[in-house]
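For the working numbering, count along the sequence shown from 1 and bump the result up by 25. Yeah, the Cβ is synthetic: ideal placement off N, Cα and C, and Gly gets one too. Structure first, then comments.
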Amino acid sequence: MIHLLLLYATFIMPLSLLAHSNHSYFCPFFSFFSVSNSFLTPGAMIRLFKVKEKQRELAENANGGAPVKKQTAGELRLHKDISELNLPKSCTISFPNGKDNLMNFEVSIHPDEGYYLGGTFLFSFQVSPIYPHEAPKVKCKTKVYHPNIDLEGNVCLNILREDWKPVLNINTIIYGLYHLFTEPNYEDPLNHDAAAVLRDNPKMFECNVRRAMAGGYVGQTFFPRCI
C-alpha cells in the first residue's frame with residue numbers, strides 16, 4: 026500500500042496536474058509518458074490523449090478559429106524581403122489577393138526618365154515555395170514596345186535567369202525592372218524588331234515608344250494607352 030501511495034505521489038498526481046495545464050509544450054511529454062509507461066490505466070491514457078488533442082487544437086486556433094497555416098521557408102524569406110523594401114518613388118507594390126497571399130503580388134513602375142517617361146507598367150510576381158533558391162516568375166501585364174519585353178509579357182532580365190542567386194531579393198529585381206525602362210538593352214532582346222530599331226535609329230525608336238504608350242499602332246501591332 027505504501028508503495029502504491031509513493032507511486033501516486035511521485036508520478037500519477039504530477040502528471041494529472043500537468044494534464045490540466047494550458048501550455049502546449051507539455052504535449053510531447055504526455056505522448057511519451059502515456060505510451061511508454063504501463064502503470065497508466067487505459068482510462069488515464071485516454072484522458073491524457075484528449076488533453077493533448079485539446080491543447081493542439083487551441084494552438085492551431087489561436088487566431089480566432091481558423092487553423093494556423095505553417096509558413097514555408099520561401100514565405101518567411103519573402104516576408105522579410107517585403108518588410109525591407111527600399112524602392113524609388115516611381116515603383117509601388119500591391120497585393121491584389123490580400124496580404125495573406127504574399128507569394129503573388131504586383132509591382133507598378135512609373136519611369137521618371139528615359140524613353141518611357143510618364144508611362145505606367147504593371148508586373149506580376151509569382152514566388153515559388155522554395156524561394157530564394159528559385160527566382161520569382163515575373164510577367165509584364167502592360168503591353169509595351171520594348172526590346173527586352175515581348176508582346177506576351179515575358180521579361181529578359183539576367184537576374185531572373187542565369188544570374189539569379191539566393192542572396193538576391195525582391196528589391197533587386199524591382200530595381201532591375203526599373204533599369205530596363207531607363208536603359209533598354211538591344212544586345213539581349215526578346216522583341217527583335219524593337220531592338221533593331223533602337224540599335225539603328227534611336228530617334229525612330231523614341232517615336233515608336235511614344236506612339237505605343239499613347240495608344241496606337243507600331244507596325245501591325247496595337248498597344249493600349251499606358252500614359
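Query - Where proline 214 falls, given that 16 or more other Cβ within 10 Å makes a residue buried - result: Only buried fits proline 214, as 16 or more other CB atoms lie within 10 angstroms of its CB.
Requested in this report: Would you identify the three-state DSSP class for cysteine 232, choosing helix, strand or coil?
Outcome: Reduced to three states, the DSSP call for cysteine 232 is helix.
Requested in this report: Assign glycine 143 to one of two classes, buried (16 or more other C-beta atoms within 10 Å of its C-beta) or exposed (fewer than that).
Outcome: It is exposed - the Cβ of glycine 143 has fewer than 16 other Cβ atoms within 10 Å.
Query - Anticipated Cβ contact below 8 Å, proline 209 with proline 172, distance rounded - result: At roughly 5 Å, the Cβ-Cβ gap stays under 8 Å, so proline 209 and proline 172 are in contact.
Report task. Can you give me the Cβ contacts of valine 132 inside the same chain, cut-off strictly under 6 Å, excluding the 5 residues immediately before and after it? Result -> Excluding positions up to five away in sequence, the list reads Ile118, Phe148 and Ile199.
Requested in this report: Just confirm the distance between the C-beta atoms of glycine 240 and arginine 250, as a whole number of angstroms; I'd bet it's less than 8 Å.
Outcome: So it is a contact: roughly 3 Å between Cβ atoms.
Query raised in the report: lysine 124: which of Gly178, Ile107, Pro191 and Leu205 sits nearest, CA to CA?
Result: Its Cα nearest to that of lysine 124, the residue Ile107 stands out among Gly178, Ile107, Pro191 and Leu205.
Query raised in the report: Per DSSP, tyrosine 242 forms a beta bridge with which residues?
Result: DSSP lists Phe247 as the bridge partner or partners of tyrosine 242.
Query raised in the report: Is glutamate 231 near tyrosine 141, with beta carbons less than 7 Å apart?
Result: Tyrosine 141 is positioned such that its CB atom lies no closer than 7 Å to that of glutamate 231.
Query raised in the report: Can you tell which of Met128, Gly201 and Thr246 has its C-alpha closest to the C-alpha of aspartate 175?
Result: Per the Cα distances, Thr246.
Query raised in the report: Going along the chain, which residues of its own chain have a beta-carbon closer than 6 Å to the beta-carbon of histidine 135, five neighbours each way excluded?
Result: These residues qualify, in order along the chain: Ser115 and Thr145.
Query - Per-residue burial, valine 60 [other beta carbons within 10 Å of its own, 16 or more giving buried] - result: Any reading at valine 60 must be qualified, since the residue scores a pLDDT of 38, below 50, and its modelled position is unreliable; the value itself is stated next. The residue is exposed, with fewer than 16 neighbouring Cβ atoms inside 10 Å.
**Report entry** proline 154 beta carbon less than 7 Å from that of arginine 102
**Finding:** Not a contact, by the Cβ cut-off of 7 Å.
Query raised in the report: Just how far apart, CA to CA, sit tyrosine 203 and glutamine 96?
Result: Rounded to the nearest angstrom, the gap between the Cα atoms of tyrosine 203 and glutamine 96 is 30 Å.
Report task. Give the single residue among Val192, Ala220, Asp137 and His217 whose Cα lies nearest to the Cα of isoleucine 280. Result -> Outside the displayed span of the chain (26 to 252) sits residue 280, for which this structure offers no information.
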